[in-house]
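K.L.:
Chains A, B and C are the protein sequences, given in the same order. To convert, count from 1 in the first sequence and add 549; that's the numbering used here. To convert, count from 1 in the second sequence and add 8; that's the numbering used here. To convert, count from 1 in the third sequence and add 13; that's the numbering used here. Where a beta carbon is used, it is the ideal one built from N, C-alpha and C, also for glycine.
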Amino acid sequence: MRLFEASGWGLRLERRPRASRIMRIVSSPLAALAMVITGFLVLGALGKDPLTAFKVFFIEPVSSLYGIGELLLKATPLMLCALGIAPGYRANVWNIGAEGQFTAGAITGGGVGLFYGAFLAHWALPAMLIAAVLGGMAWAAIPAFLRTRFRTSEIFVSLMLVYIAQLLLSYLVHGPWRDPAGQNFPQSPPFADNALVPTLFAGARVNLGFVFALLLAGVSWWFGSATAAGYRLRVGGSAPAAAAYAGISERANIWLAMMIGGGAAGLAGICEVAGPIGLLQPVISPGYGYAAIIVAFLGRLHPLGIVLASLLMSALYLGGESAQLELQLPSSVSGLFQGALLFFLLAAELFINFRLRRVRSSRARVPAPTAA
Amino acid sequence: MNIGTWVAIAASAFGAATPLIYAALGELVTERAGVLNLGVEGMMLVGAMSGFAVGVSSGSLLLAFLAAAGAGVLIALLFAVLTLSLQTNQIATGMALTLFGIGLSAFAGRSFVGLPIARVPAVHIPLLTDLPVLGPLLFHYDPLVYLSVALCALIAWLLKRTRAGLRLRAVGEAPAIAHALGEPVTRIRYLAVLFGGAMSGIAGAYLSTALTPMWVEGMSAGRGWIALALVVFGTWKPWRVLGGAYLFGAVTVLQLYAQGLGVHIPSEFLSMLPYAATIVVLVVICRDPRTILLNQPASLGRSFHPG
Amino acid sequence: MVEQLASSGGAVPRLVLQGISKRYGDVIANREVDLRVAAGEIHAVLGENGAGKSTLMKIIYGVTEPDAGSIQWEGAAVTIRSPAQARRLGIGMVFQHFALFETLTVAENISLALDERVAAAQLAARIRSVSERYGLPIDPQRLVHSMSVGERQRVEIVRCLLQSPRLLIMDEPTSVLTPQAVRELFATLRRLAEEGLSILYISHKLDEIRELCDTATVLRNGRVSGTAIPRQESNASLARLMVGTELKECHLEPHEAGAIQLELIALTLATEDPFGTALRNLNLRVRSGEIVGIAGVSGNGQKELQAAISGETLCEERGMVRLCGQQVGRLNPAQRRRLGFGFVPEERLGRGAVPGMDLADNSVLTGAGAGLVRHGLVQRDAARAFARATIAEFSVVCESEQARADSLSGGNLQKFIVGREIRLAPKVLLVAQPTWGVDVGSSLQIRQALIDLRQAGVAVLVISEELDELFAICDRLAVLAAGRLSVGVPSAQLSGEKIGQWMTGGFEAAACADLEHAAV
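1. Are A25(B) and A253(B) touching if we call contact CB-CB under 8 Å?
2. Can you find a CB in chain B that lies within less than 8 Å of the CB of F199(C)?
3. Just checking my contact of F886(A) with L865(A) at CB under 8 Å: how many whole Å lie between their CB atoms?
4. What does DSSP give as the partner residues of G534(C) in its beta bridges?
5. Identify the contact partners of Y780(A) in chain C, using a Cβ-Cβ distance below 7 Å as the criterion.
6. DSSP three-state call for D296(B): helix, strand or coil?
7. With a cut-off of 8 Å, does the C-beta of R783(A) fall near any C-beta of chain B?
8. Excluding five sequence neighbours on each side, which residues of the same chain lie with their C-beta closer than 7 Å to the C-beta of W558(A)?
9. How would you write the range of the beta strand (DSSP E) that E619(A) sits in, first residue to last?
10. Using a Cβ-Cβ cutoff of less than 7 Å, which residues in the same chain neighbour Q506(C) once the five nearest sequence positions on both sides are dropped?
11. Per DSSP, what kind of secondary structure is F115(B) in: helix, strand or coil?
12. Just confirm the distance between the C-beta atoms of G204(B) and T38(B), as a whole number of angstroms; I'd bet it's less than 8 Å.
13. For K597(A), does the three-state DSSP call read helix, strand or coil?
14. Within 8 Å, do at least three Cβ pairs link the segment 99-116 of chain C to the segment 171-191 of chain B?
15. Pick from Q31(C), A485(C), D488(C), E479(C): whose alpha carbon is nearest that of V256(C)?
16. Does any residue of chain B bring its CB to less than 8 Å from the CB of G53(C)?
17. With 8 Å set as the bound, which would you pick, yes or no: does the beta-carbon of A182(B) sit closer than that to a beta-carbon of chain C?
18. Does at least one heavy atom of the ligand MG sit under 7 Å from the Cβ of G812(A)?
19. Taking its Cβ as the centre, do 16 or more other Cβ atoms sit within 10 Å of R497(C), making it buried, or is it exposed?
20. With DSSP collapsed to three states, give me the class of T220(B).
21. Which same chain residues, not among the five before or five after L718(A), have their C-beta less than 8 Å away from its C-beta?
22. Does the beta-carbon of Q514(C) have 16 or more other beta-carbons within 10 angstroms, so that it is buried, or is it exposed?
23. Give me the subset of the segment 154-186 of chain C whose CB atoms are less than 9 Å from a CB atom of chain B, sorted by chain position.
24. Under 8 Å by Cβ, that's how I've got M207(B) and L33(B) pegged, so tell me the actual separation to the nearest angstrom.
25. Taking Cβ-Cβ distances shorter than 9 Å, what residues in chain C pair up with R177(B)?
26. Counting beta carbon pairs with one atom in the segment 201-218 of chain C and one in the segment 45-62 of chain C, are three or more of them shorter than 8 Å?
27. Say whether chain A places a C-beta atom closer than 8 Å to the C-beta of Q427(C).
28. With which residues is E129(C) paired in a DSSP beta bridge?
29. Within 8 Å (strictly less), CB to CB, does S124(C) reach chain B?
30. For the segment 857-872 of chain A, which residues have a beta carbon sitting closer than 7 Å to at least one beta carbon of chain C?
31. Taking only the alpha-carbon atoms, compute the straight-line gap between R343(C) and E330(C) and give it to the nearest angstrom.
32. Tell me which residues of the segment 186-208 of chain B have at least one Cβ-Cβ distance to chain C shorter than 8 Å, keeping chain order.
33. DSSP has L232(C) in a bridge; who is on the other side?
34. Distance check for L262(B) and N375(C), CA to CA, integer angstroms please.
35. Let me confirm a value: K35(C) is counted as buried when at least 16 other C-beta atoms fall within 10 Å, else exposed. Which label applies?
36. Taking the C-alpha atoms as reference points, what is the distance between V431(C) and M106(C)?
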């Protein structure tokens, strides 16, 4: 590759004969470090004392039990969605619509809670969870079906379905599901106690969803490394010709990947609306489904990495909120850092497969198409 | 419902469609070169903020739009370096660009929230603007609306009839063959991505200086994603994208008037139509490998490794 | 426009290659090759795959440079460093696999490929006049995707002609043409030669070469094995030059073959790939305890045949392929494996093994049915043990069973894949190009492993382009040419000449009935 060579820097990017193991492990922490340093520089340039900023951003939010709870709470939907889409990404199935499957799960699970909550008594919550998972799966079934049957790109279909899901939710809370006692606000009646996801400990909002997320991480690890289905997904993604040779069905892989993603996102959705939010309303997510894509890559598509990456992203969200209160910075500074983090990571990943070399100038040659 | 109301609806549809047109046409050029840039939303916001900021500080709307285009180019450059030179995954990088753009624009624009700005004025063409119905319907928009149509014509012509457009299409279809023929694939893709950034920037600036003259973080409210849908809906052809933008714009506006029009379909379902339609279009063109080839740039989203 | 060039007749030859040598690592592609082409001469370059034709053409067209030797172009010594330079000298090349953009028109495609800028209207006019003049009518405004393969080839030829070449290299031009289109092409080429254009015609189709070409240079194993005037030769004599007469003798102990384990019955398979080959009515039987070989130049249906037998492409009818007596035409690869089928494909990395996975995981790829997967769980310990045993038994050089597949050399990876398939105890083993790109030592081991399998009563089918190898290990040989299969004949009864003739299509295809009467 002639990126730097052309500009006369005398450096060249050259493919390594074998991927660098060190860089594999070190790239994410390196990227995080780079982001933090950049953050300091930026904040410093803006006249904020870096040390205070660091304290406000990273330390304060988690310095109370409630704060730790918030950290875990925000990490939950990120973890669930990212764990859901990661196996698919490894298999070259690009589910971009986790945000929509999240919403679909919230709708189906929430619907069960609203209408059958009383009838089901203490079975309400399990029913809601199952309904949410099924709802997310059903929403993900659409791109799966269109891809396997009609070769339609799951990227665009799942993306469009995000909007449709959000509009559906908006319709429901503005219309048929609106709380009659809610003073005309577009929101559903709040969920009854038996229809709420229980919190984990007093004094914090983090709920059972976090436990589900950790369980899913464990299951995901086991699935990827120990099961034949996980093996088939991995082969399908990295060597399609080998998958055909082995008789691995591409269709089965696509369906499996999408169902996992949809189910996990649906679960995340219900844990959010039947958790901290407590009812259905038009906006139920600050873009968790999209951020999960970043979390998945940050975590290198591996369950352990995703757990850590979710916590980091969650910290960034919290940091942003804290910075908004204490430093008068807009909360969206989180997005700034999250994006920068991913940029650094993607760049750092480069060095897993490539290295910089000094080079003397050499004539560039344009190769012709090779004869058979 | 009298004619006047219909004209008003149509007029706001044109206005609503215009930022979509700029962003979608920019993304169309990018995608025709084979690069999928999901970061349109982020680029639009960066453009909206920069345009607004420069517009308020300098008082010159021309400078505002130039600044917006420039900002779009800069942030697209980031994407281009990562995906084209460093070969990072286009989808992940696009998502990062979205988040980054949203955050950066909010962050950098925080001192401009709530400030007033003079709206881009509508043109007044001597005889035409004063015509009874056609006047307000066709001849009373700000210059950017007309420019967007001209841009569409320009891009359509460039793609179809010029050598530059030919080279771009070749790169998007088969970069390996193009490379073997001696085309600078990476350079062409860079230019396409940067053009997309400039257009998204302008689209954003239109939002903050013409459509709803103000700056608020996240004000594009998902229009970037709609622009992405538009490119697919229009099967990567400029005039279809233009038509689609007017359709999407009309639907957006119509749903506000739906009740008054006696339409009893809930407005949300009306709003769903464009997205559902995009899915249908996708299914239709993807069913047959031939039509995919004829409509979708074959190398879209895949990294190209020269040498 | 092709200029009227004076024919030389004793004057300076157009192209002279002297002592051209080129090696890629251990492999010597060209060994002191001499070549001489006069003006207006149609010169054939013959040889099997791997004989060195492609490399030689790459050198002439400037894609690569020789390690030794000289090139003289119209009397002057030249070094050809790039295709652009070759074109400037006046050398054009029509590739076997066309590099055309499907969604663009003919004129747009040609415009992109030309070195000079020409205005659209002018270009269209030139395309029309050149194409009509040489009997290659094409409409400049047509979109390439709507054109047949023959028409696309015309686009490639016209593109070359527009740059006024003095030497045109054509690489296997008739492999994708109908007989009618071949006639038209020959008329065109003769016309061009009359006007003084020299043509280098690469092919292995002896009939065509004898019909069209003035002279021929035959390559074998990188060397020139002879030159000839095709019209004065017979197919047999040309085949002898191509293939050689000293073929290894088969040293296999005579062995009673047992029950029929693999049967192809009227196997017919269409292909959607314009460059693919349709299989037409193939009939074959492979019994346990014998090795049957299928020879043939690549591109004659080998890939399609492999996919049909392995299950990667399903047949129209179940009965077209039978494994161990069962009709498997509609079963997928995993199902066929369960019935006792093993397969070593010609592509190692990416198909026979997953590059990024270690050897233990790669064992699971086809070993799922052999206890490496149970109750839906990968038995990692069993997989590691399996991989270790395979490595030991087949002397695979690698770090350990946890080494990534892409860290092994070609030969060692091939030994691992062959070993894996053999250790899964198949009843039928299909092997494609078993020793392609493999070092000598590993090749011997692999061949011996196949012979041992035969001893153990497995039915082995080998598809290979290397005749020496086939003669050394096969009981019977058949030839695949243009999607048709010849009768399988004991290798002792075959000569190099006959095989060469068969490989260029001169045989009666095996019909169902023949199998009843086939020897052994």
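P.N.:
Looking at the atomic coordinates:
1. yes
2. It does not: the Cβ of F199(C) has no partner Cβ on chain B nearer than 8 Å.
3. 5 Å
4. Any question about residue 534(C) goes unanswered here, given that chain C covers just 14 to 533.
5. V377, V391
6. In the three-state reduction of the DSSP assignment, D296(B) falls in the coil class.
7. no
8. Low local confidence applies: a pLDDT of 47 at W558(A) is under 50, so the model's placement there is unreliable, and no value is given.
9. Here E619(A) belongs to no beta strand (DSSP E); instead the alpha helix (DSSP H) covers 614-639.
10. none
11. helix
12. A Cβ-Cβ distance of about 4 Å is found for the pair G204(B) and T38(B), placing them in contact under the 8 Å criterion.
13. coil
14. yes
15. E479(C)
16. no
17. yes
18. No copy of the ligand MG occurs in the structure displayed, which carries no ligand at all.
19. So R497(C) counts as buried.
20. T220(B) falls in the coil class under three-state DSSP.
21. T652, A655, I656, L829, P831, I833
22. For Q514(C), the number of other beta carbons within 10 angstroms of its own is at least 16, and it is reported as buried.
23. L156, H158
24. Here M207(B) really is in contact with L33(B); their C-beta atoms are around 6 Å apart, less than 8 Å.
25. Here the neighbours are F114, T116, L117, E121.
26. yes
27. no
28. Looking at the DSSP assignment, E129(C) forms no beta bridge with any residue, so it has no partner.
29. yes
30. For the segment 857-872 of chain A, the set of residues with a beta-carbon nearer than 7 Å to any beta-carbon of chain C is empty.
31. 7 Å
32. A186, A188, L189, G190, E191
33. Residue pairing from DSSP places L232(C) in a beta bridge opposite V237(C).
34. 58 Å
35. buried
36. 39 Å
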